[in-house]
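Report on the following structure.
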Amino acid sequence: MKTFIPGQDGYAAATAGFQTGVRSAPELVVAAEGARDVAEAVRHANAYGLTVDVEATGHGRRTPAEGVLISTRRMTDVAIDPARATARVGAGTTWGAVIAAAAEHGLAPLSGSAPGVGVVGYTLGGGFSLLGRRYGLAADRVRSAEVVTTDGTIERTTDAGAGVVTALEFGLVSVTSLYGGGLYFDTLRLPDILRAWRDWTTDLPDALTTSLALIPYPDLPMVPQPLRGKHIAHVRVAHLGAGGPELAAPLRAKGPLVDTLTTMPFTESGAIAAEPPIPHAYLGDNRVVAHLPDSTLAAILEHAGPGAPVPTVLIIDLLGGAYAHSTAPDFTPQSRYTVRALSVVETTGPDPIRAAHAKLFDPLATTGRLRSFVYGQPFRPGS
Ligand SMILES: Cc1cc2nc3c(=O)[nH]c(=O)nc-3n(C[C@H](O)[C@H](O)[C@H](O)COP(=O)(O)OP(=O)(O)OC[C@H]3O[C@@H](n4cnc5c(N)ncnc54)[C@H](O)[C@@H]3O)c2cc1C
9 MKTFIPGQDG
19 YAAATAGFQT
29 GVRSAPELVV
39 AAEGARDVAE
49 AVRHANAYGL
59 TVDVEATGHG
69 RRTPAEGVLI
79 STRRMTDVAI
89 DPARATARVG
99 AGTTWGAVIA
109 AAAEHGLAPL
119 SGSAPGVGVV
129 GYTLGGGFSL
139 LGRRYGLAAD
149 RVRSAEVVTT
159 DGTIERTTDA
169 GAGVVTALEF
179 GLVSVTSLYG
189 GGLYFDTLRL
199 PDILRAWRDW
209 TTDLPDALTT
219 SLALIPYPDL
229 PMVPQPLRGK
239 HIAHVRVAHL
249 GAGGPELAAP
259 LRAKGPLVDT
269 LTTMPFTESG
279 AIAAEPPIPH
289 AYLGDNRVVA
299 HLPDSTLAAI
309 LEHAGPGAPV
319 PTVLIIDLLG
329 GAYAHSTAPD
339 FTPQSRYTVR
349 ALSVVETTGP
359 DPIRAAHAKL
369 FDPLATTGRL
379 RSFVYGQPFR
389 PGS
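Quick note: the sequence shown uses our numbering, first residue 9, plus one each step.
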């Protein structure tokens with residue numbers, strides 16, 4: 009185990025995660041290599057009356073770590089049990105490593121849009137996956153967890169929320185390939201595509217999981233030319249089994265600028281959402297809704313279309329299907345769509361973003377708010 013205190017070489021790197029808008033300043037960083045290190049860190053925090061914070065990648069950081077920050081990023085073991093179709097991973101493992109290891113056995117995890125996200129943080133928040141409408145939430149597949157409890161004891165439990173997780177065992181699914189990718193539509197098409205996607209999603213089989221993202225692409229050379237400097241509607245599709253092209257045909261017929269739909273190995277599923285793996289500063293919030301009436305689509309367009317008050321990526325996920333039977337936190341069977349906003353802080357600072365989020369979310373008739381998609385600010389259940 010390595011430890012770092014403020015001012016020491018390595019402290020800055022050890023406290024820097026994916027979310028750069030929240031600067032942690034812990035009194036001690038414990039770069040843990042196993043459960044014993046974590047237990048020792050918890051006991052140390054108890055002895056000195058310090059808070060305990062844990063971080064794998066930093067994608068989900070909401071508030072700065074203060075007392076003892078347990079960094080799990082070195083705990084990256086992955087073991088697949090093909091006979092039981094399970095994976096057992098260390099607390100710092102990211103989805104990319106599980107996807108690669110499981111694929112060697114014809115299996116796949118219920119991973120999400122970005123392979124760089126941490127398995128444990130994702131699963132503790134529910135885990136909304138690319139295959140979610142068929143297989144439900146990742147949290148529902150947890151078999152067991154090794155945790156360090158608040159008194160610093162290492163325990164094996166089925167309740168992953170019982171302390172600092174040091175290892176997680178969960179079920180995999182028999183998936184090797186899917187039909188998926190993205191359809192990217194030009195700025196002027198946004199109102200039409202929002203309505204078309206909403207109408208298309210009223211009657212889709214559970215084999216198809218989809219989301220729609222409104223994305224302001226910067227006018228920079230690194231952005232491919234058809235998308236550069238435009239507000240794009242990006243329809244994301246992941247379909248299992250035969251019939252994917254037929255299901256996607258009505259949206260394809262709308263004439264996207266870029267069409268990446270294809271049959272792909274699950275190992276390439278990160279290309280579906282194609283989210284940039286670059287650390288940045290962001291504020292994020294969300295609501296879950298049962299319906300998407302035209303008035304909500306208009307509010308979404310106002311918030312994240314060409315006239316957006318702050319640069320925002322707005323994502324709507326279709327839920328339903330197997331999600332309806334889920335028991336995960338913050339989740340109700342009436343949850344049909346997420347509406348989630350992720351706004352870049354560097355450009356405007358946080359205040360205009362908070363105002364824009366309030367304007368979008370406050371009037372919505374919602375069925376909940378998902379902790380997984382609250383970034384850079386505290387989450388209060390029920391708020
Ligand atoms: C680009 C991006 C894409 C995303 N895509 C999806 C998606 O498709 N589906 C989805 O469901 N979510 C998604 N998320 C949300 C993501 O699941 C949450 O932000 C999650 O908390 C990230 O976990 P992490 O370990 O990567 O982040 P971290 O910031 O390292 O951890 C987040 C939190 O998880 C808890 N935690 C982490 N490790 C432990 C541990 N060992 N023991 C106890 N608690 C722990 C802590 O509360 C910690 O603050 C995405 C987020 C981003 C930024």
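Each residue gets a CB set at the ideal place from its N, CA and C atoms; glycine is no exception. For clarity, every value in this text was computed on a predicted model and none was experimentally measured.
Closest residue to residue i among the options (Cα-Cα distance)
i, options, result
"Ala153", "Ser137, Leu132 and Ala349", "Leu132"
"Arg197", "Gly190, Gly263 and Ala168", "Gly263"
"Asp302", "Ser277, Ala204, Ala289 and Ile280", "Ala204"
"Pro213", "Val150, Arg142, Ala33 and Gly376", "Arg142"
"Ala349", "Thr355, Gln342, Arg362 and Ser343", "Arg362"
"Ser121", "Ser137, His113 and Ile107", "Ser137"
"Gly135", "Glu283, Asp325 and Arg44", "Asp325"
"Ala366", "His311, Arg379 and Tyr130", "His311"
"Gly190", "Ala298, Ala110, Ala281 and Gly129", "Ala281"
"Arg388", "Asn294, Val321 and Met230", "Asn294"
"Gly57", "Glu41, Glu63 and Glu74", "Glu74"
"Glu283", "Gly249, Arg244 and Pro314", "Arg244"
"Arg92", "Thr101, Trp103, Leu115 and Thr102", "Leu115"
"Ala147", "Asp359, Ala330 and Thr355", "Ala330"
Counted within 10 angstroms of its Cβ, other Cβ atoms place residue i as buried (16 or more) or exposed
i, result
"Ser182", "exposed"
"His242", "buried"
"Met83", "buried"
"Pro117", "buried"
"Lys238", "buried"
"Asp167", "exposed"
"Asp207", "exposed"
"Ile323", "buried"
"Arg149", "buried"
"Ile286", "exposed"
"His67", "buried"
"Arg344", "buried"
"Arg377", "buried"
Distance CB(residue i)-CB(residue j) smaller than 8 Å
i, j, result
"Leu216", "Leu255", "yes"
"Pro386", "Arg70", "yes"
"Leu265", "Pro234", "yes"
"Ala105", "Val125", "no"
"Thr346", "Leu372", "no"
"Ala111", "Thr209", "no"
"Gly25", "Thr65", "yes"
"Ile223", "Ile240", "yes"
"Gly179", "Arg151", "yes"
"Ala43", "Ile162", "yes"
"Pro199", "Leu368", "no"
"Ala298", "Gln342", "yes"
"Ser380", "Ala364", "no"
"Gly395", "His333", "Residue 395 lies beyond the range of the chain shown here (9 to 391); nothing can be said about it."
"Thr195", "Pro314", "yes"
Presumed contact (8 Å Cβ cut-off) between residue i and residue j, rounded CB distance
i, j, result
"Leu139", "Ala246", "6 Å"
"Leu186", "Val127", "That pair is no contact at about 20 Å."
"Tyr290", "Gly384", "6 Å"
"Ile88", "Ala95", "5 Å"
"Val382", "Gly292", "6 Å"
"Pro72", "Val30", "5 Å"
"Thr375", "Val296", "5 Å"
Practice task
Say whether the region 78–98 touches the region 35–48, bearing in mind that this needs 3 or more beta-carbon pairs closer than 8 Å, one atom from each stretch.
Solution key: With three or more CB-CB distances shorter than 8 Å, the region 78–98 counts as touching the region 35–48.
Practice task
Please determine if the region 49–58 and the region 143–160 are in contact, where contact requires at least 3 C-beta pairs separated by less than 8 Å.
Solution key: Yes, they touch.
Handout entry: Touching by the beta-carbon criterion (3+ pairs, under 8 Å), the region 338–347 and the region 267–280
Key = Short answer: they don't touch.
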